[in-house]
Structures are given as structure tokens and as C-alpha cells.
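Going by full-length UniProt numbering, 169 is the number at position 169 of the sequence shown; the sequence numbering is gapless. Built from N, CA and C at the ideal position, the CB exists for glycine as well. One structure is given here, and the rest of the page talks about it.
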Amino acid sequence: MAFTLTRAKAQTVTEVLFVGAAGFYFVALFVPPLVIMLIGLFTGTVPTEAQGGVFGFADSYPAFDPQSWLMWVPAVVMLFLSIWTIPLPLAKFPSISRASLLNATALMFFFGLIFSTAFVGAPGIEGESVVAVMAFVVAFALLLLRAVLGLFRLVPLSWREAAPASRKSKSKSKSKSKSKSKSKSKSTSTSKSTSGSKTIHLDFDRDVWLYAPETWPFNTFANVDEWADTTGRLFAESAGVDAKVGEALAATVRFIAVDTPDDESRFIYMGDAFNEVLFVSIVQLATDESLSLEDLALADDAPVARPTEVLTLHSRGMGDGLRSLRYVDSGDNSHSVIAIAQYAWRADGLDVVMIASNYNVESLLGLLPVIDELALSVSVVTV
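As C-alpha cells, this is what we get:
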């Protein structure tokens, strides 16, 4: 079975490695020196200040070799994480954040510097871990550089931190956590006239995507105005921006929801909500054998700026599908170029098409990994 590394999985890998490294550091590096010091205090063998005190050495002290070379294990892990997390828009608290990694790496370096030089000179102890401490310095520098680049928005949009509003509000969280079931409900009503009991659902990242409801009431919201106003207000509060900015965001998501055609579902990208709001459209239809996947993805559409780029994507839920990346004329007097990413899958009697477009070509290209992840989360289910 193919393994697709989504951002959620990458975040999980980060959390497991970080917790493992921190736990190993404490057990393997904190505990032995503390035990040595306690033994020295109880036996009266602690060296004098001239001999280095509790971190020095003398006859019968230290009582054993603390094996400080084990510092290489967390050092290598933190160095790996400093590189692994460069393209990740790490989740905010309570998950592992970039600040958590920075703080932990700084502490590991500080105490590592002490432990790597402790007891040096005693039989068999030669400071084997001093070089390992430098790995923490490199890891900290990489993490700090990535944090600064993200702060000044010098990294692609898909690498930036997602808005944490879903963690701030119960009603907001409920709105987003119900999106999958609502998507199923809507898909069912669409597919009843086409494919009977088959429909689709999406296992999407609710910190990044917001489902645009199509019928009201929706969860705790009586109408689209209440939903949009709540969305704008909560995102503004979580980001610490002026209420007027939240009102502008509310107007944007309201328009996207109201403008949704009857046969379409929409998901709004909210990872950088106050700088870039983009939505994707998803349509499911009964399979039309007269159309190929290339037809559904418009892979042969006439190019404008450069040839259409076609890529095969494998989804665990839908199998092999296509993504075409096209550059088309806007059709108005400006003749602007629009970048369009169009996905197509065929499975279990359904043709599924997802479309994302943007006049800002660079922006769409930067968000492709995030949009790909949403597309790959689609699967066919029986209702």
C-alpha cells in the first residue's frame, strides 16, 4: 500500500521524535550526573572547589561513568528536526511548535555544555560529547533562521503557520470539526440522483481548510451571516488584528458560501487568512465513460503562457488520478493569466473533479502542496 506523507503525518513524526529526544535527554543525561552527585554527598567524596566541585573529579568520585556520549542521540534527532521541519507550518500550542523546538534546543545546548565537561579527567571520561553539543548549536541556528524567515513571510505560503482559531473557540471548532460529516451529507444528496449509495468524504486539515456550508441552519449557526461573522471575529481575535479586518474576512467567506453553485462543494484556505483567501471547488458526478480522466482534468486544454503540466497522483482512497496545471486567459480586456490546478479521479462509479484557481500564479504554485494534500484526502464511501 502506498504511503502518502501528509502535513498531519509529518507533524506527528515531528512530535514523536521531539518527545522521544527530550525524554531520552532527561533520562540518559540528567539522571546519571544527579545520581553521581547524590552518591558523592552521602559518601563525602565530593571534590573540593579547587578540584571542580560536584562537576570535578577526585578519588572515588565520580562513582561511575555517566556515559555522556549518549548526548549524540538527542543531538542528531534535533539536528534532523531542524531540517525536517523547514517546510512544515508547525501547529500552534498545544502541539509542537517552532518555538517549542527552539526553546528545547537551547536548553539541551546549555545543559549539554555543562554535562559534556563534567567529570572530565576522571578515569575513562574524556569529554566524548563536547562535539555533540555543537550539533545543538547548528540545530538552533537552523530553527531560528526558519522562524525569522517565516516571521517576515520569506517562505512559500504553504510553509507558513496556519491560523489557530479552531483551537481558540468551541463554536469555531465545532463548525470545522463537523465539516467532514456535512460534506458527506451534501455529497449524498448530490449522488442520489446519479450513483445511489456512493458518495465522497474528505479527511482534511481543519487548521487549514474551512468548509463553506451549503444549507442552513448549519450546526450552531442559523444562517450564513451568523456563520461568516463568527468566522471573521474568531480569526481576528486569534490573530490579534483589528475587528475591521475580521469584518472584511467575514464578507469574503460569506460571498464564497453564498456564491456556491448547487452541484458544488467549496473549501476555503484559511492558513494565511488575512493575506491570502483561496477556495477550491469539488464536484462529483456519475461516471461518464465517454470522458477520459484527461478530459475531466482538461489536460489537453490549449495553453496560454506555457504548456499544460500533467501529473499522475496516487490517492489511497481513489487510486490513480490526474492533476493538470493550466495557464489560461482571463477572457477580459486585461487578458490576465489565471493559474488553474484541476484534479480528476474516477472510482466506484463516480467522477470527482476538484479545481483551484488564482490570478496570482506564484501564490497558487506555492500552495500546491497544501491543495494536493486536500485532493489526496478524498475517498469514496458507501452511505
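DSSP places S357 in the strand class (E or B) of the three-state scheme. Between the alpha carbons of P261 and F279 lies a distance of about 13 Å. In the three-state reduction of the DSSP assignment, D372 falls in the helix class. Scanning its chain for C-beta atoms nearer than 7 Å, with the 5 sequence neighbours on each side dropped, one finds around K198 the residues S191, D348, G349, L350, V380 and T382, in chain order.
The criterion of a C-beta distance shorter than 8 Å is satisfied by V133 and S116.
Residue state for F221 is assigned as strand, using DSSP reduced to three classes. By the 16-neighbour rule on beta-carbons within 10 angstroms, S60 is exposed.
Annotation: the segment 85-154 contains the following complete segments of the alpha helix (DSSP H) (minimum length 4 residues), in chain order: 98-117 and 130-151. DSSP places V241 in no alpha helix (DSSP H); its state is neither H nor E. Cβ neighbours of W345 within its own chain (closer than 6 Å, five residues either side excluded): M318, G321 and V352. Per the coordinates, the alpha-carbon of A356 lies some 10 Å from the alpha-carbon of R266. Excluding five sequence positions before and after S97, the CB atoms of its chain that fall closer than 6 Å to its own CB belong to L90, given in chain order. According to the DSSP assignment, G40 belongs to the alpha helix (DSSP H) that extends over V31 to T43. Between T105 and L143, the C-beta gap is smaller than 8 Å, which places the two residues in contact. For L311, the enclosing beta strand (DSSP E) begins and ends at E309 to S315.
In the three-state reduction of the DSSP assignment, D295 falls in the helix class, which pools H, G and I. If you draw a straight line from the Cα of M108 to the Cα of T45, it comes to about 28 Å.
If you draw a straight line from the Cα of L88 to the Cα of N275, it is about 19 Å long.
Under DSSP, F267 forms a beta bridge with Y211 and V280.
Between I268 and W209, the C-beta spacing is below 8 Å.
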